[in-house]
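**Q** Residue numbers (this note's numbering), protein chains in the order written: chain F, 742 to 1138; chain H, 742 to 1138. From the three backbone atoms N, C-alpha and C, an ideal C-beta is built for every residue, glycine too. Take this structure, written in structure tokens, and hold onto it; I'll ask about it next.
Protein chains: 2
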Amino acid sequence: MSAFPPDSPSTARRLPLPSPFRLQAGGTLVEAEVAVETYGRLAPGRDNAVLLFTGLSASAHARSHADDLSVGWWESMIGPGRAIDTERFFVISVNSLGSCFGSTGPASPNPVTGCAYGADFPELRVEDIARASQAAVDALGIDRLAAVIGAALGGMTVLAHAVCFPGKARALVSISGALAASASAIATRSLQREIVGSALRSGADRASVEQAMRWARKIGILSYVGTELLEKRFARHQSEPFAGHPSGTEFEVESWLEHVAQKFVRQFDPWAYWTISRAMDLFDFGAHGATPDGDAVVHAHADSDVARAAAFLKVERALVVGVEQDLLFPVEQQRRVASVLRAAGIDTGYVELNSPYGHDAFLTETQLFTPVLAGFLQDRGSATSHRSRRAPDSLSR
Amino acid sequence: MSAFPPDSPSTARRLPLPSPFRLQAGGTLVEAEVAVETYGRLAPGRDNAVLLFTGLSASAHARSHADDLSVGWWESMIGPGRAIDTERFFVISVNSLGSCFGSTGPASPNPVTGCAYGADFPELRVEDIARASQAAVDALGIDRLAAVIGAALGGMTVLAHAVCFPGKARALVSISGALAASASAIATRSLQREIVGSALRSGADRASVEQAMRWARKIGILSYVGTELLEKRFARHQSEPFAGHPSGTEFEVESWLEHVAQKFVRQFDPWAYWTISRAMDLFDFGAHGATPDGDAVVHAHADSDVARAAAFLKVERALVVGVEQDLLFPVEQQRRVASVLRAAGIDTGYVELNSPYGHDAFLTETQLFTPVLAGFLQDRGSATSHRSRRAPDSLSR
Chain F
742 MSAFPPDSPS
752 TARRLPLPSP
762 FRLQAGGTLV
772 EAEVAVETYG
782 RLAPGRDNAV
792 LLFTGLSASA
802 HARSHADDLS
812 VGWWESMIGP
822 GRAIDTERFF
832 VISVNSLGSC
842 FGSTGPASPN
852 PVTGCAYGAD
862 FPELRVEDIA
872 RASQAAVDAL
882 GIDRLAAVIG
892 AALGGMTVLA
902 HAVCFPGKAR
912 ALVSISGALA
922 ASASAIATRS
932 LQREIVGSAL
942 RSGADRASVE
952 QAMRWARKIG
962 ILSYVGTELL
972 EKRFARHQSE
982 PFAGHPSGTE
992 FEVESWLEHV
1002 AQKFVRQFDP
1012 WAYWTISRAM
1022 DLFDFGAHGA
1032 TPDGDAVVHA
1042 HADSDVARAA
1052 AFLKVERALV
1062 VGVEQDLLFP
1072 VEQQRRVASV
1082 LRAAGIDTGY
1092 VELNSPYGHD
1102 AFLTETQLFT
1112 PVLAGFLQDR
1122 GSATSHRSRR
1132 APDSLSR
Chain H
742 MSAFPPDSPS
752 TARRLPLPSP
762 FRLQAGGTLV
772 EAEVAVETYG
782 RLAPGRDNAV
792 LLFTGLSASA
802 HARSHADDLS
812 VGWWESMIGP
822 GRAIDTERFF
832 VISVNSLGSC
842 FGSTGPASPN
852 PVTGCAYGAD
862 FPELRVEDIA
872 RASQAAVDAL
882 GIDRLAAVIG
892 AALGGMTVLA
902 HAVCFPGKAR
912 ALVSISGALA
922 ASASAIATRS
932 LQREIVGSAL
942 RSGADRASVE
952 QAMRWARKIG
962 ILSYVGTELL
972 EKRFARHQSE
982 PFAGHPSGTE
992 FEVESWLEHV
1002 AQKFVRQFDP
1012 WAYWTISRAM
1022 DLFDFGAHGA
1032 TPDGDAVVHA
1042 HADSDVARAA
1052 AFLKVERALV
1062 VGVEQDLLFP
1072 VEQQRRVASV
1082 LRAAGIDTGY
1092 VELNSPYGHD
1102 AFLTETQLFT
1112 PVLAGFLQDR
1122 GSATSHRSRR
1132 APDSLSR
């Protein structure tokens, strides 16, 4: 509890997890930790905390602060007067367990061997990311969160958190998430894992592993970004060969793809990518249930039942946001999340945005998300009625 | 002309191309040939020939015949009483120049060196595929085609043929084609070429090249097949590990993808894949023009003008077909093809089909294409009026 005094300003820390930290699939981590940043001040009643989950590749650095002035991944969404208003909320942003930006992951040294886990990192699930983050919330002495918010993987993690910790949050916001990955998303991600895993397992040299990561990331990017946007920005313009590309590029869209892939590869650990990607495909909200004695239990996928799982939820309000052009987490999945929450009696707002950025819209078109999220967080009444009352014209259901 | 007597039954041959055969980008092939199959009988007036262009990966074997009883890639569309009725039409199906099923391509021996062309195969354009096929038509003594038909790459080749050989065909049918590739299609295909080209250029062993081809093909398949279909067929069902997969698979969609990719890799030459894929990205209908003296000229992409190119067309009727769920050749591109043809004064029918198979629909949902194509080919009047008169309920504009 002492790690973050209630009146601390924005800050970045690593918080130790309970050791051993048991994972859902049976593995164990010892001396694990999570990297956490906070923005705003915890209210004396400790009732204004918002927990933020990230997408696959982000760090905990969601906005700039005194110790790290670099722009965060949700810079324009968090701050005084912003959608997640730090004058009002105490925001806890956590680097996912299994990632490589300060939280324990495959690139971290295994305390038992002294070497990086690599392939020996235990099987990670989305629920483990939720649990490690909740451990950080516990360490801060926060009994109940005002809201849990996340997009993409974070949108899945929000749902995992809600079913693993009923009553721990008053509200949830799931943006471009899913109750479980679609077949098409699994196909796209498993191919990325096959390429990266093949290089890693064959003991390939660093250049080959980086090449595999670049290819995997390009497949990923093509599943994130809207086709319409690529067309507007690049059409079929031809370009000068891009320095550093193995075979030269001839179209501008290729140069751009190469540039963003190279940037990513320099930052992200390959086994962490593999591990978190797989966790996304294994997530199954409907697998959650309880024994007759009330103990939590995870059913096999064949026995998945989203309504049964949703019956455990105790959030009061929810907001589900989807983007029409999102191919990876299509709006059908967002509608399904909203309808499952509503069927469980939760006051749920549903907003469908229109953005050529597709799945990436939550990162790039924050002006569309700002009124939606701000409205939901300001409203203390019904999410649904808020939705119909204040939705800007640019939004469509 | 003697290669196919007018009364020949269905047959498969290789026809020599004029030698040297000059390619659009400046290269030359000597002693090149194309593999051709024909179905039906050429009418005494030689006015009933239909030229068929294939997609990227198909051979000339579009339907079974006495010498090859295996099922062709458009088996159910061609034959007596079928959409392309061989009681009426003489169908000429050509394996694309640059491919590897009998036509000269990178896997063919270069007569100058005696070794396979490989990386030395000259730059191929979609127009070269059209020209090599037209050379086969010329060799048959056919002065004017009743129709030219193609889907995917074939849909592009139909447009290339129309602009390279004005007056050589009375009608055209372009299915899921494009005036030029979209940025998103270029990104998807160039990534495949990067992966395959990287293995080929590094002198990797056969297993590594096959691995690269499997990955490339998987990326391709994910761009062909509709996400809806994958969801219906596989959801997130888990499967037994697939024999032969390097790291084992855990989802059924992965096993399926591995299976279809392996099947392809055993059949298709890597450099042929690279070469034809690139030709698709370089195609630009609007680049075609003429000098003041009326000589054909190909402009730079920056000077592309589809209306100028369309002014050269001399087809009487056209049919453009798109599939709503096609991500690789989206319906916006199909509408554009139709509108450019109409603006050039061509009587053009446009049909948009709805199929979860997406880009692959022309191969798998032939029952949807049969009434559309049959109606167009039976009709001797207006394509547009045909469209509104007979379109089945399952079609929507």
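Rank GLN952(H), GLU1073(H), GLU1057(H), ALA1031(H) by C-alpha distance to the C-alpha of VAL1006(H) and give the top, closest one.
**A** Checked all of GLN952(H), GLU1073(H), GLU1057(H), ALA1031(H); the closest Cα to VAL1006(H) is GLN952(H).
**Q** In angstroms, rounded to a whole number, what distance separates the CA positions of HIS802(F) and GLY813(F)?
**A** Taking the straight line from one Cα to the other gives about 5 Å.
**Q** Kindly indicate which residue of SER1096(H), LEU838(H), HIS1040(H) has the alpha-carbon position closest to the one of LEU894(H).
**A** The shortest Cα separation from LEU894(H) among SER1096(H), LEU838(H), HIS1040(H) belongs to LEU838(H).
**Q** With distances taken Cα to Cα, identify the nearest neighbour of SER760(F) among GLN1074(F), GLU772(F), ALA753(F).
**A** Comparing Cα positions, the closest option is GLU772(F).
**Q** Cutting at 7 Å between CB atoms, please list the residues of its own chain near ASP1010(F), excluding the five before and the five after it.
**A** If we look at ASP1010(F) and ignore the five residues flanking it on each side, its Cβ neighbours are CYS841, GLY846, PRO847, ALA848.
**Q** Taking just the CA atoms, how far does ASP1088(H) sit from VAL950(H)?
**A** The straight-line gap from Cα to Cα measures roughly 47 Å.
**Q** Verify the CB distance criterion: does PHE794(F) have a CB-CB separation below 7 Å to chain H?
**A** With 7 Å as the cut-off, PHE794(F) does not count as an interface residue toward chain H.
**Q** Who are the Cβ neighbours of LEU998(F) in its own chain at under 8 Å, not counting the five residues just before and after it?
**A** Cβ neighbours of LEU998(F) beyond the five flanking positions: LYS959, ILE962, LEU963.
**Q** For ARG866(H) and chain F, any beta-carbon pair shorter than 7 Å?
**A** Not one chain F Cβ lies under 7 Å of ARG866(H).
**Q** Could you tell me which of ALA873(H), ASP869(H), SER811(H), GLY822(H) sits nearest to ALA776(H), measuring between CA atoms?
**A** Per the Cα distances, ALA873(H).
**Q** Would you mind giving the Cβ-Cβ distance between ARG1077(F) and LEU920(F), rounded to the nearest angstrom? I have them listed as a contact below 8 Å.
**A** Going by Cβ atoms, the distance from ARG1077(F) to LEU920(F) rounds to 6 Å, so yes, they are a contact pair.
**Q** Determine the burial state of ALA984(F): buried for a count of at least 16 other Cβ atoms within 10 Å of its Cβ, exposed for fewer.
**A** With a pLDDT of 49 at ALA984(F), under the threshold of 50, the modelled position of this residue cannot be trusted; read the value that follows with caution. Its Cβ having fewer than 16 others within 10 Å, ALA984(F) is exposed.
**Q** Spatial neighbours of GLY1030(F) within its chain, please: CB distance less than 7 Å, with the 5 preceding and 5 following residues excluded, ordered by chain position.
**A** Excluding sequence neighbours, GLY1030(F) sits near VAL1038, HIS1040, ARG1049, ALA1050.
**Q** Report the three-state DSSP secondary structure of GLU995(H) (helix, strand or coil).
**A** GLU995(H): helix per DSSP, three-state reduction.
**Q** Span of the beta strand (DSSP E) holding PRO914(H)?
**A** Looking at the sequence itself, residue 914(H) is Val, so the reference to Pro does not match. 912-916 is the extent of the beta strand (DSSP E) around VAL914(H).
**Q** In chain order, what residues of the same chain lie with their CB nearer than 7 Å to the CB of VAL1047(H), ignoring the 5 residues before and after it?
**A** For VAL1047(H), where only same-chain residues beyond five positions count, the Cβ hits under 7 Å are LEU920, PHE1026, GLY1027, VAL1081.
**Q** Would you list, in sequence order, the uninterrupted beta strand (DSSP E) runs of no fewer than 3 residues that lie entirely inside the stretch 783-855 of chain F?
**A** Listed in chain order, they are 790-794, 831-835.
**Q** Of all the residues that make up the stretch 1042-1056 of chain H, which are near chain F by a beta-carbon distance shorter than 7 Å?
**A** Flagged, chain order: HIS1042.
**Q** Run the CB neighbour count on ASP946(H), radius 10 Å, all protein chains shown included, and call it buried at 16 or more, exposed below.
**A** ASP946(H) should be labelled exposed.
**Q** Is there a Cβ from chain F that is less than 7 Å from the Cβ of PHE983(H)?
**A** With a pLDDT of 46 at PHE983(H), under the threshold of 50, the modelled position of that residue is not reliable, and the figure given next carries that caveat. No, no contact with chain F.
**Q** Measure the C-alpha to C-alpha separation of GLN1008(H) and VAL878(H) and round it to an integer number of angstroms.
**A** Using only the alpha carbons, I get a separation of about 27 Å.
**Q** Is LEU810(H) buried or exposed, if buried means 16 or more other CB atoms sit within 10 Å of its CB?
**A** Flag for LEU810(H) reads exposed.
**Q** Determine whether the beta carbon atoms of GLY896(F) and ILE916(F) lie at a separation below 7 Å.
**A** For GLY896(F) and ILE916(F), yes; Cβs fall inside 7 Å.
**Q** Tell me, please, whether the stretch 855-864 of chain H touches the stretch 1010-1022 of chain H by the rule of three or more beta-carbon pairs shorter than 8 Å.
**A** Taking 8 Å as the limit for Cβ pairs, the verdict is that the stretch 1010-1022 of chain H does touch the stretch 855-864 of chain H.
**Q** If we cut at 7 Å on Cβ distances, does LEU764(H) have a partner in chain F?
**A** Not closer than 7 Å to any Cβ of chain F, the Cβ of LEU764(H) fails to qualify, so no.
**Q** Name the two residues that bound the continuous alpha helix (DSSP H) containing TYR1098(F).
**A** That residue, TYR1098(F), is in no alpha helix (DSSP H); it is neither H nor E in DSSP.
**Q** Do the CB positions of VAL867(F) and VAL832(F) come within less than 7 Å of each other?
**A** No, the pair does not count as a contact, with Cβ atoms beyond the cut-off.
**Q** Which of the three DSSP states is assigned to GLN1066(H) in this structure?
**A** Here GLN1066(H) sits in coil by DSSP.
**Q** Taking Cβ-Cβ distances shorter than 7 Å, what residues in chain F pair up with PHE1005(H)?
**A** Those do not exist, as PHE1005(H) stays about 14 Å from chain F at its closest Cβ, beyond 7 Å.
**Q** If you follow the alpha helix (DSSP H) that LEU881(F) is part of, which residue opens it and which one closes it?
**A** No alpha helix (DSSP H) holds LEU881(F); DSSP gives it neither H nor E.
**Q** On the DSSP bridge list, what partners appear for PRO757(F)?
**A** PRO757(F) pairs with GLU774(F).
**Q** With respect to the alpha helix (DSSP H) encompassing GLY1086(F), which residues constitute its N-terminal and C-terminal limits?
**A** GLY1086(F) -> no alpha helix (DSSP H), and no H or E assigned at all.
**Q** Would you decide whether GLN1119(F) is buried or exposed? Buried here means 16 or more other CB atoms lie within 10 Å of its CB.
**A** Label assigned to GLN1119(F): exposed.
**Q** Taking 7 Å as the CB-CB limit, is ILE1017(F) close to chain H?
**A** It does not: the Cβ of ILE1017(F) has no partner Cβ on chain H nearer than 7 Å.
**Q** For ARG930(H) and ASP1022(H), what's the separation of their Cα atoms in angstroms?
**A** One C-alpha to the other measures close to 8 Å.
**Q** Distance check for VAL937(H) and LEU881(F), CA to CA, integer angstroms please.
**A** If I take the Cα positions, the gap works out to 51 Å.
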